[in-house]
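Sequences listed follow chains G and W, in order.
Just so you know, we're using UniProt numbering here: the first sequence kicks off at 1 and counts up by one.
Just so you know, we're using UniProt numbering here: the second sequence kicks off at 1 and counts up by one.
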Amino acid sequence: MNAWEEKPSKLGRLAKGTILTAIAAGVLFPLYMVVLTSLSTQEAVARAGGLVTVPGELSLGAYRELFSGGVVSRAAMVSVGITVVGTLLSVTVTALAAYGLSRPGSVLHRPLLFLVLLTFLFSPGIIPKYLLVSSIGLIDSYWALILPGAVAAFNLVVMRAFFMSIPHEVMDSARIDGASEFTVLRRIVLPMSKGVTAVIAMLYAVGYWNNFFDAVLYLNDNAKWPLQMVLRQYVLQGQSMFVGQGGDTTIAGRALPPDLAIKMSIVVVALLPVLLVYPFVQKHFTKGVIIGAVKG
Amino acid sequence: MLEQAERSGPAGELTSPAGAGSHPRKASTLGVRLRRDWQLLLMVVPAIGLLLLFHYVPLLGNVIAFQDYSPYVGIKDSPWVGLANFQWLLIDESFWQATLNTLLITAFQLVFYFPVPIALAILLDSVVSRRLRMLIQNIVYLPHFFSWVLVVTLFQQMFGGAGLLAQTLRANGYQGVDIMTNPDTFLILVTAETVWKDAGWGMIIFLAALAAIDQNLYEASAVDGASRWRRLWHITLPGLRPVVVLLLILRLGDALNVGFEQFFLQRDAVGRDAAEVLDTFVYWRTMLTGEWSYGAAAGLVKGLVGLILILVANKVAHRFGEQGIYKRS
Numbered sequence: 001m002n003a004w005e006e007k008p009s010k011l012g013r014l015a016k017g018t019i020l021t022a023i024a025a026g027v028l029f030p031l032y033m034v035v036l037t038s039l040s041t042q043e044a045v046a047r048a049g050g051l052v053t054v055p056g057e058l059s060l061g062a063y064r065e066l067f068s069g070g071v072v073s074r075a076a077m078v079s080v081g082i083t084v085v086g087t088l089l090s091v092t093v094t095a096l097a098a099y100g101l102s103r104p105g106s107v108l109h110r111p112l113l114f115l116v117l118l119t120f121l122f123s124p125g126i127i128p129k130y131l132l133v134s135s136i137g138l139i140d141s142y143w144a145l146i147l148p149g150a151v152a153a154f155n156l157v158v159m160r161a162f163f164m165s166i167p168h169e170v171m172d173s174a175r176i177d178g179a180s181e182f183t184v185l186r187r188i189v190l191p192m193s194k195g196v197t198a199v200i201a202m203l204y205a206v207g208y209w210n211n212f213f214d215a216v217l218y219l220n221d222n223a224k225w226p227l228q229m230v231l232r233q234y235v236l237q238g239q240s241m242f243v244g245q246g247g248d249t250t251i252a253g254r255a256l257p258p259d260l261a262i263k264m265s266i267v268v269v270a271l272l273p274v275l276l277v278y279p280f281v282q283k284h285f286t287k288g289v290i291i292g293a294v295k296g
Numbered sequence: 001m002l003e004q005a006e007r008s009g010p011a012g013e014l015t016s017p018a019g020a021g022s023h024p025r026k027a028s029t030l031g032v033r034l035r036r037d038w039q040l041l042l043m044v045v046p047a048i049g050l051l052l053l054f055h056y057v058p059l060l061g062n063v064i065a066f067q068d069y070s071p072y073v074g075i076k077d078s079p080w081v082g083l084a085n086f087q088w089l090l091i092d093e094s095f096w097q098a099t100l101n102t103l104l105i106t107a108f109q110l111v112f113y114f115p116v117p118i119a120l121a122i123l124l125d126s127v128v129s130r131r132l133r134m135l136i137q138n139i140v141y142l143p144h145f146f147s148w149v150l151v152v153t154l155f156q157q158m159f160g161g162a163g164l165l166a167q168t169l170r171a172n173g174y175q176g177v178d179i180m181t182n183p184d185t186f187l188i189l190v191t192a193e194t195v196w197k198d199a200g201w202g203m204i205i206f207l208a209a210l211a212a213i214d215q216n217l218y219e220a221s222a223v224d225g226a227s228r229w230r231r232l233w234h235i236t237l238p239g240l241r242p243v244v245v246l247l248l249i250l251r252l253g254d255a256l257n258v259g260f261e262q263f264f265l266q267r268d269a270v271g272r273d274a275a276e277v278l279d280t281f282v283y284w285r286t287m288l289t290g291e292w293s294y295g296a297a298a299g300l301v302k303g304l305v306g307l308i309l310i311l312v313a314n315k316v317a318h319r320f321g322e323q324g325i326y327k328r329s
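This is how it looks when you write it as structure tokens:
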């Protein structure tokens, strides 16, 4: 607080505090309820008449049920696989291209950059894209969830802007020592760009993890569904995961955890990776990695 | 915007022929330059290849808009029908309904979503404690990273027929409500979802603009006796104006894009009359009813109009923005 600033009034501070608390609660409260419900027993859910807001008896039953094999375990594996492979591929391809385009005046620099930037202006449309993916035989292939979005021009431009801000002398001296461009990128540029690489990797990873519509389009075989599809099918659209059991509360003698708890545990599984990665990357947002690049 | 930024970029690629120090651009032959740069070119190949394959090649697929395309016959042998598909579009009420819905949603969000990140940024910027500010910032950024499926699911758990709101109302003897299937309040619902998911993230750029305002202005006006509110009105808001104008123009250029998944997920529950937008129209016409050429025609119209809007918006933005966002960069 600066010396010239007047002391805020009590009322003003109270109002500001109330609004900020309300905003934070508005984001966190739904998450709290979902997590709590997923951990609640049949009795607790029944007593609450739905979502649980006050902690009662807790149980891991829903999660045990989810990961005892079956639809959700498989979908989670699919999502993890696509996210890991996709992110590795995307970050590699993006970093290579960002470095390759970071030297103005190199051969074909301007037309290639133009080709990248032009993709901001248009998208080919859902139908032509579907026709292409199907014509190269990627329907029902996991690659259909990875390759079409593997390079995001925005991320490429952000990374390139960052690489260009690194002093050239550092790279030049390595080159004089006989290092190839690949070595310069791997040994010098990338280690100096950890923040921006972390942010880009997270943006890609979140994109792959949350990818839903590509699966709607390109995967007919529901055994291959990623987690977001399962979330939509069984939670949003409310289809029972135990079709054919006719509303029984037991399967093969086992007592089932409450339906709502299972649904909420799927929600938790879908959002957990984001919550886990977020704290590690979040500090780079505030360092302005992205803003700096957006501003040009 | 980005092309412009490129040109005025730090390396000044247009103005100084020497460019980046390592590459004095002498009149060297292509052979020499190739020998020097082949590694850089090689590095760009995978990305350019993917962009060509998945962004540029599909553009050609739009020719089916001028055909009576059937997947079993293929593009090569499907009969050409000229502009027939576009003529049908002109008299198709459901197409116009989808267009109207799209524009309504854009207009509604311009009024009720667009100011939220600005207000949020101003509010947060006025918080004195740095740690509290960071904490709130990190909380409100978070939903941006959730998928639309997750966001819609959370809203359903709160406001759906079996959600918390209905559950609380019933427990207190009132009738339950189901906001998730009510077409009359759909505009409010989708805007609320967008605010919850993206208002925090959208705040970033305004926070940056606020940080760039000269702090001496505040001090000088405070010394001259300007109150908090007057400083907000005469310094903060004018300081934000270039960014606000620029983003507003760009949003208008993007008027036909309201986001696809959000509407795809809720279209069936709410009904087509309120929830069909151009993107979902294209999807349903092709993937579900099999009218490939018709859907592609609708998509092409949307794409072309959208492209024109973006180009116009960029022109206008350059006119407004030149002493705005570019100067600071």
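Where is the CB? At the ideal position from N, CA and C, for every residue including glycine.
On a predicted model such as this, the values are computed, not experimentally measured, just so you know.
{"Item": "Length of the line joining the Cα atoms of ALA209 (chain W) and LEU217 (chain W)", "Value": "15 Å"}
{"Item": "Collapsed DSSP secondary structure at GLN67 (chain W) in the structure displayed", "Value": "strand"}
{"Item": "Sequence-distant residues of the same chain with beta carbon closer than 7 Å to ALA98 (chain G), five excluded per side", "Value": "LEU156, MET159, ARG160, PHE163"}
{"Item": "Same chain only: Cβ atoms within 7 Å of LEU110 (chain W), ignoring 5 sequence neighbours per side", "Value": "ARG251"}
{"Item": "Below-8 Å beta-carbon distance, TYR72 (chain W) vs any chain G residue", "Value": "no"}
{"Item": "Residues of the region 59-87 of chain W whose Cβ lies closer than 7 Å to any Cβ of chain G, in chain order", "Value": "LEU59, GLY61, ASN62"}
{"Item": "Residues of the region 138-149 of chain W whose Cβ lies closer than 8 Å to any Cβ of chain G, in chain order", "Value": "ASN138, ILE139, VAL140, TYR141, LEU142, PRO143, PHE145, PHE146, SER147, TRP148, VAL149"}
{"Item": "C-alpha distance - SER68 (chain G) paired with GLY163 (chain W), whole-angstrom precision", "Value": "28 Å"}
{"Item": "Neighbour flag for ARG187 (chain G) against chain W, beta carbons, 8 Å", "Value": "no"}
{"Item": "CB of ASP37 (chain W) within 8 Å of CB of SER293 (chain W), strictly", "Value": "no"}
{"Item": "Under the three-state DSSP convention, the category LEU51 (chain G) falls into", "Value": "coil"}
{"Item": "Cross-chain neighbours of TYR99 (chain G) in chain W, by beta carbon under 8 Å", "Value": "LEU40, MET43"}
{"Item": "Burial state of HIS234 (chain W), where buried means 16 or more other Cβ atoms lie within 10 Å", "Value": "exposed"}
{"Item": "Under the three-state DSSP convention, the category LEU309 (chain W) falls into", "Value": "helix"}
{"Item": "Neighbourhood of GLY86 (chain W) by C-beta distance below 6 Å, restricted to the same chain and skipping five residues each side", "Value": "First, the amino acid is wrong: residue 86 (chain W) is Phe here, not Gly. Same-chain partners within the cutoff: ALA297."}
{"Item": "Distance, PRO58 (chain W) Cα to LEU31 (chain G) Cα", "Value": "40 Å"}
{"Item": "Limits of the unbroken alpha helix (DSSP H) element including ILE176 (chain G)", "Value": "168-176"}
{"Item": "Interface residues of chain G facing PHE260 (chain W) [CB-CB closer than 9 Å]", "Value": "ILE126, PHE213"}
{"Item": "Within 9 Å of chain W by C-beta, residues of the region 97-121 of chain G in sequence order", "Value": "ALA97, ALA98, TYR99, GLY100, LEU101, SER102, ARG103, PRO104, GLY105, SER106, VAL107, LEU108, HIS109, ARG110, LEU112, LEU113, PHE114, LEU115, VAL116, LEU117, LEU118, THR119, PHE120, LEU121"}
{"Item": "Contacts that MET158 (chain W) makes with chain G (C-beta to C-beta distance below 8 Å)", "Value": "PRO30"}
{"Item": "Residue environment, LYS47 (chain G), which counts as buried when at least 16 other CB atoms sit within 10 Å", "Value": "Reading off the sequence shown, one finds Arg at residue 47 (chain G), where the question assumed Lys. Answer is exposed; the Cβ neighbour count stays below 16."}
{"Item": "Nearest-angstrom Cα separation, counted from ASP259 (chain G) out to ASP248 (chain G)", "Value": "A caution first: ASP248 (chain G) carries a pLDDT of 41, below 50, which makes its placement in the model too unreliable to give a value."}
{"Item": "Chain G residues whose Cβ lies nearer than 7 Å to that of ARG33 (chain W)", "Value": "VAL107"}
{"Item": "Close-in-space but distant-in-sequence residues of the same chain around LEU203 (chain G) (CB under 7 Å, 5 per side omitted)", "Value": "ASN155"}
{"Item": "Cβ pair count under 8 Å reaching 3, the region 253-260 of chain W against the region 270-287 of chain W", "Value": "yes"}
{"Item": "Exposure of TRP148 (chain W), with buried meaning 16 or more beta-carbon neighbours within 10 Å", "Value": "buried"}
{"Item": "Chain G residues whose Cβ lies nearer than 7 Å to that of GLY295 (chain W)", "Value": "ILE127"}
{"Item": "Start-to-end residues for the alpha helix (DSSP H) that takes in HIS109 (chain G)", "Value": "109-118"}
{"Item": "Any chain G beta carbon closer than 8 Å to GLN175 (chain W)", "Value": "no"}
{"Item": "Cβ of PRO242 (chain W) within 8 Å of any chain G Cβ", "Value": "no"}
{"Item": "Closest Cα partner of ASP198 (chain W) within the set W:PRO238, W:TYR113, W:TRP229", "Value": "W:TYR113"}
{"Item": "Members of the region 256-287 of chain G that neighbour chain W once the beta carbon cut-off is set at 7 Å", "Value": "VAL267, ALA270, LEU271, VAL274, TYR278, GLN282, PHE285, THR286"}
{"Item": "Contacting residues, own chain, Cβ-Cβ under 8 Å from GLN97 (chain W) (five flanking each side not counted)", "Value": "ARG272, ASP273, GLU276"}
{"Item": "Selected residue, minimal CA-CA separation from GLU5 (chain G), among W:VAL128, W:LEU309, W:LEU304", "Value": "W:VAL128"}
{"Item": "Residues that SER40 (chain G) bridges to, as DSSP identifies them", "Value": "G:LEU58"}
{"Item": "For GLN266 (chain W), the first and last residue of its enclosing alpha helix (DSSP H)", "Value": "261-270"}
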